[in-house]
Each structure stands twice: as structure tokens, then as C-alpha cells.
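**Student:** One structure coming up, written as C-alpha cells, with questions to follow.
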Amino acid sequence: MTDFGNIIGPTDGRRRWGRAQNRAFTDPYKSLKKPLEPTVCPQCGAVYHGGRWQWAERPPHAHEEICQACRRINDNFPAGLITLFGSSLREHKEEILQIIQNQERIEKAEHPFNRIMKIDEEADKLVVTTTDIHLPRRIGESLKSALHGELTFDYEEDAYFVRVSWKCSD
Ligand SMILES: [Zn+2]
């Protein structure tokens, strides 16, 4: 008998910072149970249909369930964080914001759970939080290819979380 308990993820579904349980990099916000077909998220309108979540017209008689991205947004519990800093950040701010929004648009179209939660402006930094661990990398790589600078990644070894930082070149 194989015990899948450690592979699937935390059985209580809420141990977000669980350690050993998250070895397989499972997002603890992901439902362990497949939604019924079709299901719609009443908050963002994403539709579960044909075995996957997608952007689609709301099907008639759909079940409702708040999706994992909206649950993260409601809990204010990001899976990814990218910090942008550097002395010339201000000078490139418009372009940077455009790159960030553009990358989100592309990623989110394909993957409804990969979204920006917030873009916070602090003194000389911009801090962007996301609902997933892929979007920060995508944004970072795209900033680097457009404006160079220094990019670093820090994946948590035992949690579903990534921290990216990008230093704008002078
Ligand atoms: Zn949603």
C-alpha cells in the first residue's frame, strides 16, 4: 500500500507553511478535490470545465467555488514576491510598470491562477506580490532583458514560495 499523504500535500489543506508535506511543491491553496463540472469562481469568473480552469463564458447551471487565486488574494497570502530597486528605478518607472502589467496579461490569459496581487510603492522600491511562483520569474526575466540590471531568485526549499529581486542598472 502506498501512502500518498506526503506527495499530494497537507491533508488539512491549510498548513500553508507546512514543511515536509510540501516537498513536491504543491500549492497548499490548490484544492485536493477536483471541482464539479462546470464550476465558476464567483469572484473572478474563472471557469472549471473540461478538467481545467480557464477564462470562458459562465456556463448555465454552474457550481460555484472561490478559486485558489482569489482565496490567496482574500487572505492576502502571496506565493511570490518581486522587489525592484536601484537608483534609476524612478526614471524607468513607466516602462517598468508596463512590462510588469504586460507580463501578467500574457501569463494570466493562459494560467488563470497566475496573477498580480498588489504593486506597492515604497521609498525607492517597488514590491509586486503574486498568486503563484511563476509570474515573478517571468517579470524578472523580462525586466532584465529590456533594461539589464541584476536578477536573483530565491525559491523556498520547503514551501510554495519564491522571492525575486531585480536591481535596475544605473
Ligand atoms: Zn477566482
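Each residue of the sequence shown is one higher than the last, beginning at 68 in my numbering.
Cβ coordinates follow ideal geometry from the N, Cα and C atoms, glycine included.
Quick caveat, the model's predicted, so the values are computed rather than measured.
Starting from D94, trace the alpha helix (DSSP H) in both directions and tell me its first and last residue.
**Tutor:** Counting along the chain, D94 falls outside any alpha helix (DSSP H), and DSSP gives it neither H nor E.
**Student:** Excluding the 5 residues flanking K234 on each side, which residues of the same chain have their C-beta closer than 7 Å to its C-beta?
**Tutor:** F152, G153, G216, E217
**Student:** Considering only DSSP beta bridges, list what T197 is partnered with.
**Tutor:** G147, I183
**Student:** So what's H159 in DSSP terms, helix, strand or just coil?
**Tutor:** helix
**Student:** Could you tell me if the beta carbon of A136 falls within a distance shorter than 7 Å of some heavy atom in ligand 1?
**Tutor:** yes
**Student:** Does the beta-carbon of K175 have 16 or more other beta-carbons within 10 angstroms, so that it is buried, or is it exposed?
**Tutor:** A residue is called buried when at least 16 other Cβ atoms come within 10 angstroms of its Cβ; K175 meets this threshold and is buried.
**Student:** Under three-state DSSP, which class holds S236?
**Tutor:** In the three-state reduction of the DSSP assignment, S236 falls in the coil class, being assigned neither a helical nor a strand state.
**Student:** For L103, which residues from the same chain have a beta carbon less than 7 Å from its beta carbon, with the 5 sequence-adjacent residues on both sides left out?
**Tutor:** H130
**Student:** Kindly indicate the opening and closing residues of the beta strand (DSSP E) around Q121.
**Tutor:** 119-121
**Student:** Starting from F220, follow its DSSP beta bridges and name the residues at the other end.
**Tutor:** The partner list for F220 (beta bridge, DSSP) reads V231.
**Student:** Kindly identify the DSSP beta-bridge partner or partners of E104.
**Tutor:** E104 pairs with nothing; no bridge assigned.
**Student:** Give the DSSP-derived three-state secondary structure of P77 in the structure shown.
**Tutor:** With a pLDDT of 38 at P77, under the threshold of 50, the predicted position of this residue should be treated as unreliable, though the coordinate-derived value follows. Here P77 sits in coil by DSSP.
**Student:** For E223, I'd like the list of residues in its chain whose CB is within less than 8 Å of its CB, leaving aside the five on either flank, ordered along the chain.
**Tutor:** V229, R230
**Student:** Which value, in whole angstroms, describes the spacing of the CA atoms of S98 and E132?
**Tutor:** 10 Å
**Student:** Can you tell me whether Q165 is buried or exposed, with buried defined as 16 or more other CB within 10 angstroms of its CB?
**Tutor:** exposed
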